[in-house]
Structures are given as C-alpha cells and as structure tokens.
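Trainee: Taken in sequence, the protein lines are chains A and B. All residue numbers for the first sequence refer to this note's numbering, where the first residue is 1 and numbers rise by one. All residue numbers for the second sequence refer to this note's numbering, where the first residue is 1001 and numbers rise by one. Where is the CB? At the ideal position from N, CA and C, for every residue including glycine. Keep in mind it's a predicted model, so treat the numbers as computed, not measured. Sharing a structure here in structure tokens format.
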Amino acid sequence: MGLKLCLSSTLKFSPISILRPISQSTKNPLRRSLLLVRALSADAAAGTTTIAPDTTPDDFRVAKAPQWKAAIDFKWIRENKEAVAANVKNRNSNANIDLVVELYDKLMNVQKEVEGLRAERNVVANRMKGKLEPSERQKLVEEGKNLKERLVTLEEDLLNLTDELQQEAQCVPNMTHPDVPVGGEDCSSIRKMVGKASEFSFSVKDHVQLGKDLNIFDFDAAAEVSGSKFYYLKNEAVMLEMGLINWAVSEVMKRGFTPLITPEIVRSSVVEKCGFQPRGTNTQVYSIEGSDQCLIGTAEIPVGGIHMDSIIPESSLPLKYVAFSHCFRTEAGAAGAATRGLYRVHQFSKVEMFILCRPEESNSFHEELIEIEEELFSSLGLHFKYASDFISSGFKFSFDVLTIVFPIHFPLAGLMTSSNFHRTIDMATQDLGAPAYRKFDVEAWMPGLGRYGEISSASNCTDYQSRRLGIRYRPESSIPPKKGKGSSTPTRFVHTLNATACAVPRMIICLLENYQQEDGSVVIPEPLRRFMGGLEIITPKIQIRC
Amino acid sequence: MKGKLEPSERQKLVEEGKNLKERLVTLEEDLLNLTDELQQEAQCVPNMTHPDVPVGGEDCSSIRKMVGKASEFSFSVKDHVQLGKDLNIFDFDAAAEVSGSKFYYLKNEAVMLEMGLINWAVSEVMKRGFTPLITPEIVRSSVVEKCGFQPRGTNTQVYSIEGSDQCLIGTAEIPVGGIHMDSIIPESSLPLKYVAFSHCFRTEAGAAGAATRGLYRVHQFSKVEMFILCRPEESNSFHEELIEIEEELFSSLGLHFKTIDMATQDLGAPAYRKFDVEAWMPGLGRYGEISSASNCTDYQSRRLGIRYRPESSIPPKKGKGSSTPTRFVHTLNATACAVPRMIICLLENYQQEDGSVVIPEPLRRFMGGLEIITPKIQIRC
C-alpha cells in the first residue's frame, strides 16, 4: 500500500488518502467527505464516507424575493469585482457577480434619474406658488403631471431593481481568509494533531454495540414512535448527556462567556439572515406547519438574533455567549452517509459559543475559540503533543510524529491500534459555508468506527451575518462632537463568530469508544465525574433496568 | 361444488355462490365503515372516573392537602418579571423579535437555575427507583393521538411539522407512552417506572387573555416527567405514590402549596383521576399550577396497544397452545418539575428586600454551590 504524500509548495500538510471516500457532488455542500487516514483494515471498503453534520447552508440560490434587506456593500463589490468573482469561483458558488454589478449600476442610474425628476418637480411646485397667468399655470400643471407619471414608473423600477439586486447579492458568499487552502475537501489542511496512541488489547466495539450491552440507548422504540435517526437515551447515557452539558457550560463560563438558554422555534427570516435556506431543496431546516416559524439547527441562530437590528456601544464589545439548546436537523440529502447510531440524528443537544466583536479582533477571537475547543477536548483525556513542529520543519518527520500521525499498522483482528486523539482542520474554500470567512473543524478519532468524526466546528463569519441581521456598533470617537453638529461617529458592522463547545451525541460516541474496557464497561474521564454524581465507570452488570 | 354434479345442479350452485359473494362484498364494506364509525365515536368516550372524584366544574375540585404557609414579606414583593429584569436573567423582548410572543431567553443565573432544577429533579426521582430517560421531541402524530391528545383539532396545543405526519411533543408523557407501544410486557417486569426529561412545545392556542406575563404561559419549556406502567390493581396506589413524591420534592424546596383532587369537568379525557399541585406565587398574588399527576388506567394502553401477560400459577396443559390471556396495563404520569413555573416560585418566594434571591439548600450543589442571586452590576451581557 503506497502512501501518497502531497506537499504543496506552501508546505501545507495534505492528509494522506489511501482510500478515497465516495466523492460527493461538489454542488451539494451538505455532503463533504473528509479524507481519512485508513490503512489495511479489512472492512475499509465499507463505510469510507465521513461524518459531516455541519450547518452548511444548502443551495445558495435564494428561492424567492427576500422579505428583508441585507446591508450589502455593493459599492465595495463593484470596486473589488475581480477579487469577489475569484472568491465565488474558489468556493464553487453560483453567485453571479457580473449581474450584481450590472444591477447595481442600473439601480444607481435610475436613482439619479429619480432624484433629477424630483428636483424638477419641486421647481415646478415652487413656481406654481407665485402669481401666474392662467395659460402659464396650465402649462405648469401639465408639466407637473407628466413628471409625476414618469416618477411613478421609475420609482417602481427602483423597487424592482432593489429586490432583484438583493436577491442576487444575497447569494454572494463571504470573502475568504488568505490562508485558507483553495479547493475541495482534499485540500483542507491540518492545523494541529493532538493526542497519543492508545492501544486496545481486545477488539473494540462501536458505540452502538457498547450502548446495547450497557442498555443505555433505544433506537428501535424511537423508530416506531418518531422515525429513523431518533433515539432514547437511558440510564447512564442520561447522566452522560447531562454531565457533558453541565461541564461544557461551566467550563466556558469560566472563560468569561455569558450563559444562555435559547428558544428553539424562531421566525424563518432569522434563519435566513444567519445564512441558512429554510425553504431550499434538501434544506436542513424543519418548518412549523401554518406559520413562518422553524426549528433551529443550532443555537447560533437564536443567539445571532438577540442583537438583531441594534446598535451596540463599542464599550460593550466583545459580547461572548455560551448557549445551550436542542438542535433539530432534517438531514435531507444525507441518505447513505454514515447513519448508524448517534452519528447523524434529527435531534441533539449542543453547547455553542458565540462572539460579537469589532472587525479588527475577529481573527484573534477565532484563534481563541479554537483554543478553547482544543482545551476542552484535551481535558477529556486527549493529550497534547504538538505536531506544529512537523509542519514548520517541512520535510523532517520525527518518528514519534509518524507513529501518531500515520497509524499504518492495523492488524486485521484482535489487536487494533487506536489513536486516542483529535485533529483540527482548516477547511478549504469549497467546504466553507456561505457565511464563513474561515472555518476550523475538529475531528476526533472514533476507534469503534475506525475513523475520524467531526465533533466541532468554529467559524469566523466576519460581517456576513451582521449585515443581514443588522447588528452594528458605534465606535467611541476620541474627537468630542462639535456643538450643534448632531451626528456621532458613523456605525460599523460587528463581526460574528460561532464555535461548538460540545455536540452531545458525537461526544458520547467518542467517550464510549475511547474509554471502553475489555469487559464492555466504560470509564468516565475525570473532569466529567463531578457532573455525573461522582460516577466513575459505566458497567454492564445486570441491574433492575427497564 | 367439489363433488360430482349434474350440469343443471352445478349451474344453480354457481349462481348461488355468485349471489352470496355479492352480498358478502357489500356487507364487508358495511363492516369496514361501521368499524370506522364506531372507532370514531368510541374514541371520543372519556375514561371512567374514580368514585371519590368530585362531580362538577373547577369550583368543585377539592383540596386534599395544604403544605406550608405563605411567607410574610416586610416589603412590597415583586413578581418574577420585575425580579428577572433587575437581576438581568431573562430576555423577553429579544425573544419576541426572534421567535414571537411567549418565548424567552434565560441568561446568567437563570441558566444555572434551569440546569440545577433539572439535575436535582432527575436525581431525586432516580433515587426512588425510576429509570432516567431523554426522549425524542418530534413524534408521529398517531402516537400523540393514542395518548389522548388531538393534534389536528381546532385550538390544538400541538405544533405540527410541515410536510410530514410528525408533531412536537407537549410533554414527555407522549414519547414515553410510545416506548412500549404494541408490546406485551412480561408481568415480572412491571411496574416500569421512568423519569423522563424533555423540552415541551405548546401552541397555547385559545389561551389568549389568560395570564401570559413572563414565564407563566410559554411555548417552550423544560420538564421532568414521571411515568409508570403497572398492573391494573396497583394504579391507585401508584397514583398515591406519585403525588407523594411530588409533595416531597416541593416541600424540600420550602414551597407553600395545595394538592387538589380535580373535579370531573377538569379531567382530561384520558384521566381516571387527576391531582394538581398549585403553589403560592406571591408576586402574582395567587396560586399557580406547578404540577399534575394523572392515573389514565387503561385509556392510553388500549390505544397504544400496551399489554402484559400475567404469570399463571396453573401450568399450561400439554398440547393446549395458548398461555394466559393478556391484559392492558395501566399508565400514570406526573410532573416532577416544570422548570418555568418552578423558577417563578423560587424567585417570588425567595426574594429579599434588596432584590436578590436566595437559592434553597437542596438546589445549591446542582448550581455549583451558588447560594444567592444578586443584582450587583457585573460585566454582563
């Protein structure tokens, strides 16, 4: 089995592909497969698709005329047309920049005409105030009427052009951070690998089997009551979920974030403003019958909505929230993808971090968020061993790093080397959702499944969401306002960022599969125990259980 | 017609057969229609009623128990909305923009309060031998109906999902009732006792004008629910057990409340008997329902198809295939903790003159040791 190393000229580390996963249509951003480090495992041929549960907006095209206006900087688009178009291409978006610029120019022209006509009408109106001969007055009246008719037509054109421009411009994805690799899934680069190899001296089970033996899940009853991809958690899994949520909220609060519990039903316009398409084909969003409301797929949406249409004083920034909610996703278009057990479910609990900040600070807050995530996951027993020296030293590979990074030797049975670790990935341009300027995903090794699974995602949305949600801030001016001069410093749009602190089902999979013992019991990592009434281990002993 | 026949005899039989078949087809269709009609009418029939239940409207409901007494305040009390505002722990306005009226964000200590209440309630009920569950919140509408609710009725309390036959649950009673749908449970497994946590969604249609201020009547809330499946002979005593657990829980938090035996006109169709607990809410100046415990006997189990097989003391006769005939279980459900109502109770009863709120002792270790919520100015969003 050859190892194909792709080292680009910028020394970005491309993951090794031994088995290419089933490639998805690049037009459908919901199906993003990430390359896996898989070797000679016997069932490598099965299930090579990865788990990509992310909140990627589906179809970029807006279905109908938008009910609200995004404060898009059209002038900037026009002035940076080449860069914007190149970005659109890199992201494989079907936004039409030429059309946007064309519509904008038309709009500006019509606007000028309208202003001209209004000025003329005012002149006529003023002249009619004076003393006039009947014939002169009559002429003016007709002129006025004529101007009014032309105005009405042009004003209607203005409205239509504004709507059309909005519709086209709303499709334009966010710009991209210069360091983001350009291309599809295979171009995403690994920022950090964390952990140490743990070895199992017995054949590992996946979380479904473990859950069955421990009597902590029920998928069958849920399929009857609700449908596929639903589940009941029972017994210790309930304590695990509650413990994970309490732990995550508590840990993030310690870092200065304000805790929130949010509505899970929101107006569909808020969903759209965050960059999702509730009515698109293959939408991830459940809608409520007989209303304009939807179920949220992530707390990012109701948190983004809190400061909708507001001006925040600069001194309040940054605003940092840690929000807990249930999340609901249709997972339409995910048929055939890994769906066993808790991997891809319609309902789950999630603790989400959200930051609103000044534009100059968003890159550094992005770093802060990914750091928090890495600390959280490491604290659950995924030890750090920096692989960044590997990247910076280019072609020099230390043996230690090789062992961790390339677990080549998978014996077919009995012994299975599993790496108890996770990696952070800088997502390539085609895998960014429309709102994201840059996105880091964290994937953890799931030994029972024999592959990586995404457990978290951190996006810097810069001003994409804030221009749609109308979230501005007023910079403090060092110049005191002149007396009599009414206006203060002009407002600017905030930048927004969001990051998963804890997606419960994925964490449950990680914990069960990584901490399983030979007798089928599962050890609880130390930091969680006090959030679980001191529980140290889940055992499969026969109890009086339902 | 299998035997040897004369052609004319055969012909007569053929015609008789044809005639019979036609009449059968018609009658079988009648049968189907009658079955449907009968079901439709019969499903409207409410459960029978326990003989001790007072007959009449709400003013006939009788008080079973009074616990504690209203605390006296030496200052003018605030309601939970005002307290929440001063403590910066709710946001109703932003929620109205984002979602609509009767939605809310919990912030800061209210988050710890919700999480603490849930953890405490689940933990307390688990101690009493109940199996903990976390349930789906989207279910098939048929399951909702089988539990005795009307998802498509006018003024329905139930949210439906567009483009599907699914609904949002208004209570964990529904998904828990559904777990053993269409099953036969061995008698030795009974009773089955569950404590289930879920979010609950209610349209509150037809509740316009009713008390809607703040957290009292909301579209989404967290609830810890107890559910029991048992043998028919035991349901009355389990009903007593459930209300006892509730009374112990609320007493331990120092609340003043009364337990009410609901009169016939206030029972839901499934309930044979229903006890409500109403707690004193000083800020609102009245009692508010914080919990409800119903014995549904076999109303839900007949719809959900939940049976059990009694253990027979007579060994089955050799060659005689069938075992003891199955019977329908009885089901009961009771609120262990409806979070918004509990938050109202705690804020309003434990408020101090300076606007701070004391956390009752049993909750503190579920809230990281927090003893009091204070209105001091912190770096708050």
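#1: Would the region 235–255 of chain A count as touching the region 278–291 of chain A if we require 3 or more Cβ pairs under 8 Å?
#2: What does the Cβ neighbour count give for Val152 of chain A, buried or exposed, with the cut at 16 atoms within 10 Å?
#3: Evaluate Ala1070 of chain B with the Cβ neighbour count: other Cβ atoms within 10 Å of its Cβ, from every protein chain shown; 16 or more gives buried, anything less gives exposed.
#4: Does the distance from the C-beta atom of Ile265 of chain A to that of Ala1110 of chain B stay below 9 Å?
#5: Which residues in chain B sit within 7 Å of Gly533 of chain A, going by Cβ to Cβ distance?
#6: Within 9 Å (strictly less), CB to CB, does Asp1182 of chain B reach chain A?
#7: Here's the rule: buried if 16 or more other CB atoms are within 10 angstroms of the residue's CB, otherwise exposed. What is Val1025 of chain B?
#8: So what's Val522 of chain A in DSSP terms, helix, strand or just coil?
#9: Return helix, strand or coil for Glu1278 of chain B, following the three-state DSSP convention.
#10: With a threshold of 9 Å between beta carbons, is Glu1225 of chain B in contact with chain A?
#11: Judging by CA-CA distance, which residue of A:Gly448, A:Asp426, A:Lys131, A:Arg468 is the nearest neighbour of Ala458 of chain A?
#12: What residue from B:Glu1009, B:Phe1238, B:Gly1285 has the CA that sits closest to Lys1395 of chain B's CA?
#13: Between the region 497–528 of chain A and chain B, which residues of the former have a C-beta closer than 7 Å to a C-beta of the latter?
#14: So which of A:Ser466, A:Pro447, A:Val494 has the shortest CA-CA distance to Cys274 of chain A?
#15: Could you check which residue in A:Pro435, A:Leu140, A:Ala503 has the C-alpha nearest to that of Thr462 of chain A?
#16: Based on the DSSP output, what are the partners of Val1139 of chain B in its beta bridges?
#17: Kindly indicate which residue of A:Ser349, A:Gly184, A:Val345 has the alpha-carbon position closest to the one of Glu331 of chain A.
#18: Taking the alpha-carbon positions, what's the Arg1213 of chain B to Met193 of chain A distance?
#19: Checking 9 Å against the spacing of the C-beta atoms, do Arg191 of chain A and Ile311 of chain A come in under that value?
#20: Quick check on this structure: which residue in A:Ala299, A:Ser268, A:Glu272, A:Phe276 has the alpha carbon closest to the alpha carbon of Glu289 of chain A?
#21: Could you name the residues of the region 1035–1055 of chain B whose beta carbon sits closer than 7 Å to any beta carbon of chain A, in the order they occur along the chain?
#22: Whose C-alpha, out of B:Cys1296, B:Leu1370, B:Glu1233, B:Pro1191, is nearest the C-alpha of Ile1174 of chain B?
#23: Check Ile509 of chain A in the structure and name its three-state DSSP category.
#24: Mind checking who Pro259 of chain A pairs with in its DSSP beta bridge?
#25: What is the DSSP secondary structure of His1239 of chain B, reduced to helix, strand or coil?
#26: Mind checking if Pro134 of chain A is an interface residue toward chain B, Cβ cutoff 9 Å exclusive?
#27: May I have a chain-ordered list of the alpha helix (DSSP H) segments no shorter than 4 residues that lie completely inside the region 1322–1366 of chain B?
#28: Over the uninterrupted alpha helix (DSSP H) stretch that includes Ile1179 of chain B, give me the two end residues.
#29: Who does Pro1186 of chain B pair with in a DSSP beta bridge?
#30: Under three-state DSSP, which class holds Thr1374 of chain B?
#31: CB Gln1351 of chain B to CB Leu1133 of chain B, shorter than 9 Å?
#32: Could you pull out every residue in the same chain whose Cβ sits closer than 8 Å to the Cβ of Met175 of chain A, ignoring the five residues on either side in sequence?
#33: Measuring only between beta-carbons, confirm whether Ile626 of chain A sits less than 9 Å from chain B.
#34: Would you report the Cα separation of Glu526 of chain A and Glu536 of chain A, rounded to the nearest angstrom?
#35: If distances are taken between C-alpha atoms only, which option among B:Ser1294, B:Pro1310, B:Gly1206 comes closest to Val1277 of chain B?
#36: Span of the alpha helix (DSSP H) holding Gln166 of chain A?
Mentor: Taking the geometry as given:
#1: Too few Cβ pairs lie closer than 8 Å, so no.
#2: exposed
#3: By the neighbour-count rule (16 or more Cβ atoms within 10 Å), Ala1070 of chain B is not buried but exposed.
#4: no
#5: Residues of chain B passing the Cβ test: Ser1123.
#6: yes
#7: exposed
#8: strand
#9: strand
#10: no
#11: Nearest C-alpha to Ala458 of chain A among A:Gly448, A:Asp426, A:Lys131, A:Arg468: A:Asp426.
#12: The question about residue 1395 of chain B has no answer here: the residues shown for chain B are numbered 1001 through 1381.
#13: none
#14: A:Ser466
#15: A:Pro435
#16: BP columns for Val1139 of chain B point to B:Cys1167.
#17: A:Val345
#18: 51 Å
#19: no
#20: Minimum Cα distance to Glu289 of chain A is reached at A:Ser268.
#21: none
#22: B:Cys1296
#23: helix
#24: A:Val322
#25: helix
#26: no
#27: 1339–1349, 1361–1364
#28: 1173–1179
#29: B:Arg1309
#30: coil
#31: For the pair Gln1351 of chain B and Leu1133 of chain B, the CB atoms are not nearer than the 9 Å cut-off.
#32: Ala83, Val84, Asn87, Tyr437, Thr462
#33: No information on residue 626 of chain A is available, as it lies outside the stretch 1 to 546 that chain A covers here.
#34: 8 Å
#35: B:Ser1294
#36: 134–169
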